[in-house]
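Peer 1: Here the sequence shown is numbered in the numbering used here, starting from 4 and rising by one per residue.
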Amino acid sequence: MQTDDFQKFQDGIAGVMGFYGKSVSTFALDVWWTALKRYDLAAIVDAFNRHLANPDSGQFAPKPADIIRMLQGSTQDAALRAWAKVDQAVRQAGTYCDVVFDDALIHRVIHDMGGWIALGTKAEDEWPFVAKEFENRYRGFCSRSERPHYPATLIGIAAAHNNLKGFRNDRPLLIGNEQLAKQVLHGGTDQPALGLKRMSDGLDEAIGEGLHSRNGQAKYERKAG
4 MQTDDFQKFQ DGIAGVMGFY GKSVSTFALD VWWTALKRYD LAAIVDAFNR
54 HLANPDSGQF APKPADIIRM LQGSTQDAAL RAWAKVDQAV RQAGTYCDVV
104 FDDALIHRVI HDMGGWIALG TKAEDEWPFV AKEFENRYRG FCSRSERPHY
154 PATLIGIAAA HNNLKGFRND RPLLIGNEQL AKQVLHGGTD QPALGLKRMS
204 DGLDEAIGEG LHSRNGQAKY ERKAG
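1. Identify the continuous beta strand (DSSP E) that holds residue 104 and give its terminal residues.
2. Taking just the CA atoms, how far does residue 141 sit from residue 76?
3. Going by Cα to Cα distance, which pick from 22, 44, 119 and 23 is closest to residue 146?
4. Give every residue of the same chain whose Cβ lies closer than 7 Å to the Cβ of residue 96, excluding the five residues on either side of it in the sequence, and list them in chain order.
5. So what does DSSP say about residue 29, is it helix, strand or coil?
6. Could you check the C-alpha separation between residue 81 and residue 63 for me, to the nearest Å?
7. Please list, in chain order, all residues of the same chain as residue 180 whose beta carbon is under 7 Å from its beta carbon, the five residues on each side excluded.
8. By the 10 Å Cβ neighbour count, where 16 or more other Cβ atoms means buried, how is residue 54 classified, buried or exposed?
9. Can you tell me where the alpha helix (DSSP H) with residue 109 in it begins and where it stops?
10. Label residue 42 either buried or exposed according to how many other C-beta atoms from any shown protein chain fall within 10 Å of its C-beta, with 16 as the threshold for buried.
11. Which residues mark the beginning and the end of the beta strand (DSSP E) in which residue 71 is found?
Here you go:
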């Protein structure tokens, strides 16, 4: 959540506890906020609703641990659904062509794991471990409510070859919901996830002069001593 979400969050907590005939102290509200602030507000609202409707635990007022349990279950479900899309795409479409999924987080996770082409090189006996790594990375982003930068397209073998030869690429294959995939395509970036920039010559010279000056001063002090 963002700081701007605090008032809505506070009102929501007060409303839920009021439903159970309980009030919320300032201390309790701080505990709730600290426990849940890393999650998205919409996901928190959904978790509270599912707790209220739960026939086993819904009769009792929730504690932060109850809602976190709901949220972690949600992230696990989301990770499993995302991996199912990836698994099906690799098996049916392969990694020869470019692809765009309807979930931007899939792009970022696959990018961090080495890319679309690298994913296609994995052997069948490696696949369960690949799945687990994907799910853990995906859940990590979800639990932190991160919306990281991601590549607009996952580059396949054909496009990688065409880029080297200067040939034109075919349009990417859209995976999942077509409209959402188009939004992912237009919202991506071609910038690297880890920023790398070579130091300028001017700064390099300034640092060199500074080091030279300090070394000279150190030699002088040793001689003087």
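Each residue gets a CB set at the ideal place from its N, CA and C atoms; glycine is no exception.
Peer 2: Based on what the coordinates show:
1. 102-104
2. 13 Å
3. 44
4. 102 and 176
5. helix
6. 27 Å
7. 105
8. buried
9. 107-115
10. buried
11. Taken as a continuous stretch (DSSP letters only), residue 71 belongs to no beta strand (DSSP E), being part of the alpha helix (DSSP H) at 67-95.
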